[in-house]
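*Asks:* Below you'll find the structure I mean.
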Amino acid sequence: MPFLTVICPNARRSTVKVSPSTIMYQVLEEACLKNGFDVDAHRLKHQNRLIDCSLTFRLSGLANNATVEMVHVETSPVSSSAVAEVALQLSDGTRLLRKFSIDTSLFEILREFSKDVGHDLINCEEGKVASCTYMHKEFRGPIHLSLATLKSLGFTGGRCLLRYAALEISCDEICAWDERVMRENQRTDVLKTAFSERKAENEKREQVHLQRELEFERELSEKRKQRSNEDPSSCFDSGVRENVEPRLSADLPSNSTLTSRISHSNRADSSGVDRLEYLQNLLPEVDGNLNERESDSVQEACHAFVTRRAEHPTTANATSKPEFNDFKFPESSAKNDIPSQSEVKVPSNQSVRTLPEKCDRNAVIFSNEKISDESNLLTAKEVSDEFFEPSVADLRNHQSHLTEQARLANTRALVSKKFIDEKNRQLKVEAYRHSVIRFHLPDSRIIQALFLSLEPVSQLFDFVASILLDSPKIFCLRLVLNQKIDRDETRTLLDAGLSPRSAVSIRTGLNSERFLVGVVLLSTVSLTAVIRSSL
Numbered sequence: 001m002p003f004l005t006v007i008c009p010n011a012r013r014s015t016v017k018v019s020p021s022t023i024m025y026q027v028l029e030e031a032c033l034k035n036g037f038d039v040d041a042h043r044l045k046h047q048n049r050l051i052d053c054s055l056t057f058r059l060s061g062l063a064n065n066a067t068v069e070m071v072h073v074e075t076s077p078v079s080s081s082a083v084a085e086v087a088l089q090l091s092d093g094t095r096l097l098r099k100f101s102i103d104t105s106l107f108e109i110l111r112e113f114s115k116d117v118g119h120d121l122i123n124c125e126e127g128k129v130a131s132c133t134y135m136h137k138e139f140r141g142p143i144h145l146s147l148a149t150l151k152s153l154g155f156t157g158g159r160c161l162l163r164y165a166a167l168e169i170s171c172d173e174i175c176a177w178d179e180r181v182m183r184e185n186q187r188t189d190v191l192k193t194a195f196s197e198r199k200a201e202n203e204k205r206e207q208v209h210l211q212r213e214l215e216f217e218r219e220l221s222e223k224r225k226q227r228s229n230e231d232p233s234s235c236f237d238s239g240v241r242e243n244v245e246p247r248l249s250a251d252l253p254s255n256s257t258l259t260s261r262i263s264h265s266n267r268a269d270s271s272g273v274d275r276l277e278y279l280q281n282l283l284p285e286v287d288g289n290l291n292e293r294e295s296d297s298v299q300e301a302c303h304a305f306v307t308r309r310a311e312h313p314t315t316a317n318a319t320s321k322p323e324f325n326d327f328k329f330p331e332s333s334a335k336n337d338i339p340s341q342s343e344v345k346v347p348s349n350q351s352v353r354t355l356p357e358k359c360d361r362n363a364v365i366f367s368n369e370k371i372s373d374e375s376n377l378l379t380a381k382e383v384s385d386e387f388f389e390p391s392v393a394d395l396r397n398h399q400s401h402l403t404e405q406a407r408l409a410n411t412r413a414l415v416s417k418k419f420i421d422e423k424n425r426q427l428k429v430e431a432y433r434h435s436v437i438r439f440h441l442p443d444s445r446i447i448q449a450l451f452l453s454l455e456p457v458s459q460l461f462d463f464v465a466s467i468l469l470d471s472p473k474i475f476c477l478r479l480v481l482n483q484k485i486d487r488d489e490t491r492t493l494l495d496a497g498l499s500p501r502s503a504v505s506i507r508t509g510l511n512s513e514r515f516l517v518g519v520v521l522l523s524t525v526s527l528t529a530v531i532r533s534s535l
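Sequential numbering of the sequence shown, starting at 1, is according to the working numbering.
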């Protein structure tokens, strides 16, 4: 039987069994009764979308065993004075329209509509029972009709359509139906009994949470008062005056006016926040003045800096002529702090990229000679058509492979494609340290050599050039599918897709016997002998 998992505001999960005709309001009501929450103040949400509680589970758009969230709403969607407009469709197709409160039961609705029809809709003929159907959910018998209200159907207002019918039911079926309704009612009563206990726990938890928040705010306000009572500018001013004033007095004997102005401006900043902003604005200017290279620019920047500090809003006249126009920083410190262009210049012979060392090629030449049918080990036998038909084992392997891919796709973390490519490349580097490349010559000879997977593609061209005799050594390398390989110093064999093994064709206008080195020709080995030795 399908079920829904409801995540409550207290982070608890509640499981509610549902059927296709279960109204979503019943799911909300059961979850609230189990965890002690008010039904009228909460709603169900799925993927940031509020669920209409008047719909059934079949029409809600939720999947089986889905997870929904119970959220608190500030304005309650259910009001005690809410009114719904009900249309009752009779067996002959006629419809009657009236307005009722959402707390009205279906039994009372049928009794009110009986006045408009002229006969009793509840007490039918012998062997028949009155029933109302809403959204494929049927309510039979007086007991079930009296227990079902418009609010229990999920209505908070608006309009609804009820279909009335008089069904022929035996006495046994009526008794079985009433027993099922009574069991559901008893189950609801048990939940309501535990509801009071859960609600008391939630209220106690809310009080504890509110008390902690009040204590935190009180402690925070006390800390702010303590910080405001302290004077952070006093120790800062004393430290600044002790460190700055002796230096200015030693270097500039006539700077008493400037020192008094700076100390007065420091006293003007009473709050710690203003002083912090003042220091933050001061640091870029000091850094900019220290980074000046030429002495003239340093002198001008220092003059502007002193002028701006002297013109800080004080009681002194801001239009007065600034003093110490001839002031400048010591030349020794400026020369020591600022490196020359020759010191900063990077040497041109420094290598930008470190290439891996070459490995032993272990070059071998194979002779792909033609062999008779008796001694040919590579002759392919005729394969029947049944070989290409998939078997049950093949289908199972393919299905398991697809299932594994789907599982990896669903459980994979939300990472970028670049990260995945780098991770796969690192795994290939660790797995394929060496690469075997076979060079096919025009005369059906094959040269096999060993390379490192992180060597650049240009090493293939250097290796082929080392076995050529004639000059100029003009040739090109192509893959089996006639794809040209470009000489590249940056791309590795792994990046070019040539690792761990590849077959490359050498295209040149010369005969292979002319451009192969004679010493290499002596090491020619029959391909058949190699295969036999491997077997």
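Idealized CB from N, CA, C, for every residue including glycine.
1. Buried or exposed: which applies to P456, given that a residue is buried once 16 or more other Cβ atoms fall within 10 Å of its Cβ?
2. With respect to the beta strand (DSSP E) encompassing Y134, which residues constitute its N-terminal and C-terminal limits?
3. Check whether the Cβ of S170 sits closer than 7 Å to any heavy atom of the ligand NAP, and report yes or no.
4. Kindly indicate which three-state DSSP category Y278 falls into: helix, strand or coil?
5. Is it a yes or a no for the segment 429-444 touching the segment 500-510, going by three-plus beta-carbon pairs under 8 Å?
6. If you run the structure through DSSP and keep just helix, strand and coil, what is E489?
7. Between I109, E219, F461, which has its C-alpha nearest I485's C-alpha?
8. Assuming the contact rule is C-beta atoms closer than 8 Å, D178 and G141 should be a hit. Round their C-beta distance to whole Å, please.
9. In whole angstroms, what separates the C-alpha of I7 from that of H42?
10. Buried or exposed: M24, going by 16 or more other Cβ atoms within 10 Å of its Cβ?
11. Using a threshold of 8 Å, state whether the C-beta atoms of L624 and I122 are closer than that.
12. Jot down the residue ranges of each uninterrupted alpha helix (DSSP H) in the segment 9-65, minimum 4 residues, whole runs only, in chain order.
13. Per DSSP, I109 forms a beta bridge with which residues?
14. Determine whether the beta carbon atoms of S458 and S499 lie at a separation below 8 Å.
15. Tell me the start and end of each unbroken alpha helix (DSSP H) in the segment 434-473 that is at least 4 residues and wholly inside, in chain order.
16. Taking only the alpha-carbon atoms, compute the straight-line gap between V117 and K45 and give it to the nearest angstrom.
17. Could you check which residue in H72, E213, A449, H401 has the C-alpha nearest to that of A11?
18. Run through the DSSP bridge pairs and tell me what A503 is partnered with.
19. Sorted by chain position, which residues of the same chain lie with C-beta nearer than 6 Å to L144's C-beta, five sequence neighbours on each side aside?
20. Below 8 Å on the Cβ atoms is my guess for F155 versus L33; work out the distance and round it to an integer in Å.
21. Spell out the partners DSSP gives E138 in its beta bridges.
22. Report all residues from its chain with a CB closer than 6 Å to the CB of A268; omit the five preceding and five following residues, and keep chain order.
23. Is S114 near A165, with beta carbons less than 8 Å apart?
24. Please specify which runs of the beta strand (DSSP E), each continuous and at least 3 residues long, are wholly inside the segment 151-216, giving them in chain order.
25. Between which two residues does the alpha helix (DSSP H) harbouring I420 extend?
26. Which class does H72 belong to by DSSP, given the choice of helix, strand or coil?
27. Leaving out five residues before and five after L147 in sequence, what residues of the same chain have Cβ atoms less than 8 Å from its Cβ?
28. Should Q226 go down as buried or exposed, given a rule of 16 or more other Cβ atoms within 10 Å for buried?
29. State yes or no: is the C-beta of R198 within less than 8 Å of the C-beta of G36?
30. Just curious, the alpha helix (DSSP H) that S400 is in, first and last residue?
31. Spatial neighbours of T193 within its chain, please: C-beta separation below 6 Å, excluding the five flanking residues on both sides.
32. On the DSSP letters alone, give me the boundaries of the beta strand (DSSP E) that L477 sits inside.
*Replies:* To lay it out plainly:
1. buried
2. 128-134
3. As for the ligand NAP, it is missing from this structure, which has no ligand bound.
4. helix
5. yes
6. coil
7. F461
8. 6 Å
9. 12 Å
10. buried
11. The structure shown does not extend to residue 624, since the chain spans only 1 to 535, so no value can be given for it.
12. 24-35
13. I109 pairs with nothing; no bridge assigned.
14. no
15. 458-466
16. 41 Å
17. H72
18. R438
19. In the sequence on display, residue 144 carries His and not Leu. Excluding residues within five positions, the ones whose Cβ falls inside 6 Å are V181.
20. The Cβ separation is near 19 Å, so there is no contact.
21. T133
22. Note that A268 scores a pLDDT of 44, beneath 50, so its modelled location is shaky and nothing firm can be said.
23. no
24. 158-168
25. 417-431
26. strand
27. S105, V181, N185
28. exposed
29. yes
30. 392-411
31. none
32. 476-479
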